[in-house]
Structure formats: structure tokens, C-alpha cells
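Taken in order, the sequence shown gives residues 1 to 346; the numbers are from UniProt numbering.
Using N, Cα and C, we set each Cβ at its ideal position, and we do this for glycine too.
Data first, discussion second: the structure below is written as C-alpha cells.
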Amino acid sequence: MSLYWRIFLLNAAVLVTAVLLLLGPVTVSTPVVLGEAVVLLAGLAAMLIANAVLLRIGLAPLGRLTRAMSAVDLLRPGSRARVEGPGEVAGLTTSFNAMLGRLEAERAGSTARALSAQEAERRRIAQELHDEVGQTLTAVLLQLKHVADRAPAPLREELHQVQETTRTSLDEIRRIARRLRPGVLEELGLHSALRALTAEFTSGSLTVRHVIGPGVPRLDEAAELVVYRVAQEALTNAARHAGASAVEVHLSGRPGGAVRLLVRDDGRGIGPAGEGAGIQGMRERALLIGAELAIGDGPRDGTEVRLDVPAVDTAAAAAAAVSTAGSGSGSRSGSGSAGDLGEGNR
Numbered sequence: 001m002s003l004y005w006r007i008f009l010l011n012a013a014v015l016v017t018a019v020l021l022l023l024g025p026v027t028v029s030t031p032v033v034l035g036e037a038v039v040l041l042a043g044l045a046a047m048l049i050a051n052a053v054l055l056r057i058g059l060a061p062l063g064r065l066t067r068a069m070s071a072v073d074l075l076r077p078g079s080r081a082r083v084e085g086p087g088e089v090a091g092l093t094t095s096f097n098a099m100l101g102r103l104e105a106e107r108a109g110s111t112a113r114a115l116s117a118q119e120a121e122r123r124r125i126a127q128e129l130h131d132e133v134g135q136t137l138t139a140v141l142l143q144l145k146h147v148a149d150r151a152p153a154p155l156r157e158e159l160h161q162v163q164e165t166t167r168t169s170l171d172e173i174r175r176i177a178r179r180l181r182p183g184v185l186e187e188l189g190l191h192s193a194l195r196a197l198t199a200e201f202t203s204g205s206l207t208v209r210h211v212i213g214p215g216v217p218r219l220d221e222a223a224e225l226v227v228y229r230v231a232q233e234a235l236t237n238a239a240r241h242a243g244a245s246a247v248e249v250h251l252s253g254r255p256g257g258a259v260r261l262l263v264r265d266d267g268r269g270i271g272p273a274g275e276g277a278g279i280q281g282m283r284e285r286a287l288l289i290g291a292e293l294a295i296g297d298g299p300r301d302g303t304e305v306r307l308d309v310p311a312v313d314t315a316a317a318a319a320a321a322v323s324t325a326g327s328g329s330g331s332r333s334g335s336g337s338a339g340d341l342g343e344g345n346r
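Given below as C-alpha cells:
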């Protein structure tokens, strides 16, 4: 029976009973005597209680569905509202779950396209920095050296300073190009890329240590890129926002062919601040390969970022599902991932 008819029939039963009682044994005198007033008030209380109980029972599934709707997060997919209650409520919950599934698939597809375009643009910019700007600065360095060798002594020192400034700029451009396009990842693999990444972040105020466990299963290209970008963003957050002095990067194999990345620092932790574009970018990347990302406080204060990458077959199936969802969702543009390369937005 639908919720409408349940409420209507209960109200009708209560009202009919009240009318029959008034027409039968219950009468109202003028003025109203105490016994009649007690009977009328008791009847009114019974009507109100019956309606309240029915509405509480009938509308409880709607309240639970409302709470489930408010707790939905497309970056943490998989949660669904429990189907229960009368026919209309159960149908509404089923429709909501189906809509949520379509939204998750479309979000994953649009994010995959946006991140793919982002990586392509990064490769193009890195290539231009290396080929155009880098070669131009190299030529400038050679010309400065040629001029400095023939310049008078008073001018030679200034030219040497210009050379050092130009050389520093060239090194910075190369560093930016490496971060935009991790060539070591493509050429030497994930292990070497993580070693180079930890060495890049190690400085006088920050010590980064990497630990790569034995027998780490080999990942495909997409999964390796996700692991590298998550480690890069976690290290950027630790260096820029956490006030950390030491960071550990662990890469280890898990049962069933899975891989775990663990980045742990000794900084101030996340605290009550919400997740920024950097962390949201990490979650979006993790969704592309069906990985699970957990960010929270470390065992000894600080922040711990844990990425669990499923086995190669499972990750490939997740990537294929995302690709299928993306191709079936039309030409909608995705939100992309902001701040997952050095911007350091928690």
C-alpha cells in the first residue's frame, strides 16, 4: 500500500470512529461536563499520536535517503542508499542509486579525458621548454663565455655573474621540464623515478628517504604515472605546507599482486582544514585505475598518504571501464585536476 493511502485510511478510520462515538454513546452537553471533556481530549490525543506514529514510520526511509544524499561524494564512489520503505520510497531510492552510478561513471570518464589532455599539454610544454628555451639559454651561455674571454678585466667579472645567473635559470627550466614530464619514469621505470623524486625534494631543511620493498609487482604505464603523481603531490604538500623536517616514501608489494605507496611526514598534519585542489587531484587520479587513496594523521603525528593500487588485471579493468564510460558520456568536458603538480594546494 502506498504512503498516501496508508495516511489517508488511518486518518479516515480515526475520524469515522470519532463521529460514530459522538453519534452513539458519547454526547456533548452545554456546558461541557468534565467527563465529556476528558473523552474528547483523549480522542484528540489518540488521533495525534496515531498520525505521528504513522508519519514517523512512513517517512523514516525518506529521512535516511536524505542523509545518504547529503553524504554523497563522487571522489569516494561506491556508497549507495539502502532500498527500503513503501513502494514510492523504494522506487525513489532505486532511482537515486542508478543516477549516482551514472554520475560516477560520467565523472570518471570526464576526469580521464581531462587528465589525459593535461598530461599531453605538460609533455608539449616540457618539450618546448627543453628544445626552445633551453637551447636558447645554452646559446646565450656560449656567447657570454665567448664575450667574457675577450672582454677587459673590469667587465669580465660582471659577465661571469651574468653567466651564473643564466646558468641558474637554465637549471630551473630543466627542473620545471622534468616535473612537467618525468622522463626518468618513461625511460627507467617507477623505482628510478621515485628515487630521483626524493632526491629532488631533499634539501637542507627537509630530508626525504625512500624505501622500495623487494618483489614489487610491475605496474602498467597508467598506474605508474598515478603512483608518481600522487607521490609528487604528497611531497609537495609536505615541503610547502606541513612544516616537515623528514619524509619517508615507501613502495611495497601487497598480497594478490597489489602495490602500496606510503608517504609519511613528521609535520603538523592536515588539521581541520578541508581538502584542497591538490588532494582532490590525487583522489581523481586514484579513481582512474581503481586505486584506494587514504589521507590522515600518521602514527606519530604528521600526515600519512596511502595509495593501494590493485593488481594489474584489476587496474586494467577499471581503466577500461572508465574509458567506456567516458566514450559513452558524449562530449561533456570534465573538471580536470587542478593543483596536482607542484601547486601544493592541500
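Cα-Cα separation between alanine 258 and glycine 215, rounded to whole angstroms: When rounded, the distance between both Cα atoms is 11 angstroms.
Backbone secondary structure at arginine 260 - three-state DSSP: In the structure shown, arginine 260 sits in a strand (DSSP, three-state: E or B).
Within 9 angstroms, strictly: CB atoms of arginine 254 and aspartate 308: Cβ atoms of arginine 254 and aspartate 308: closer than 9 angstroms.
Glutamate 224 and glycine 183 closer than 9 angstroms at C-beta: Between glutamate 224 and glycine 183, the C-beta gap is not smaller than 9 angstroms, which leaves the two residues out of contact.
Among Ser116, Glu132, Leu141 and Pro154, the one whose alpha carbon lies nearest that of threonine 165: Ranking the options by Cα distance to threonine 165, first place goes to Leu141.
Helix, strand or coil at aspartate 73 according to DSSP, with G and I counted as helix: In this structure, DSSP gives aspartate 73 a state outside helix and strand, which the three-state scheme calls coil.
Best match in Glu284, Ser245 and Arg195 for proximity to serine 203 [C-alpha to C-alpha]: The residue with the shortest Cα to Cα distance from serine 203 is Ser245.
Anticipated Cβ contact below 8 angstroms, arginine 306 with leucine 235, distance rounded: Not quite, the Cβ-Cβ distance comes to about 14 angstroms (not below 8 angstroms), so this is no contact.
Segment contact, 8 angstroms Cβ cut-off, at least three pairs: the stretch 89 to 97 with the stretch 55 to 75: The stretch 89 to 97 makes contact with the stretch 55 to 75, as at least three CB pairs between them are under 8 angstroms.
Contact under 9 angstroms by Cβ, histidine 250 with histidine 191: Between histidine 250 and histidine 191, the C-beta gap is not smaller than 9 angstroms, which leaves the two residues out of contact.
Proximity to asparagine 237 [Cα-Cα], best of Ala98, Leu48, Gln280 and Val16: That would be Gln280, whose Cα lies nearest to the Cα of asparagine 237.
Under the three-state DSSP convention, the category threonine 94 falls into: For threonine 94, the secondary structure class from DSSP, reduced to helix, strand or coil, is helix.
Inter-residue spacing [alpha-carbon to alpha-carbon] between alanine 42 and glycine 101: CA-to-CA, the gap between alanine 42 and glycine 101 works out to about 50 angstroms.
Rounded separation between glycine 134 and serine 110 - CA only: So the alpha carbons of these two residues sit roughly 34 angstroms apart.
Alpha-carbon spacing of glutamate 200 relative to tyrosine 228, whole angstroms: Cα-Cα distance, rounded: 13 angstroms.
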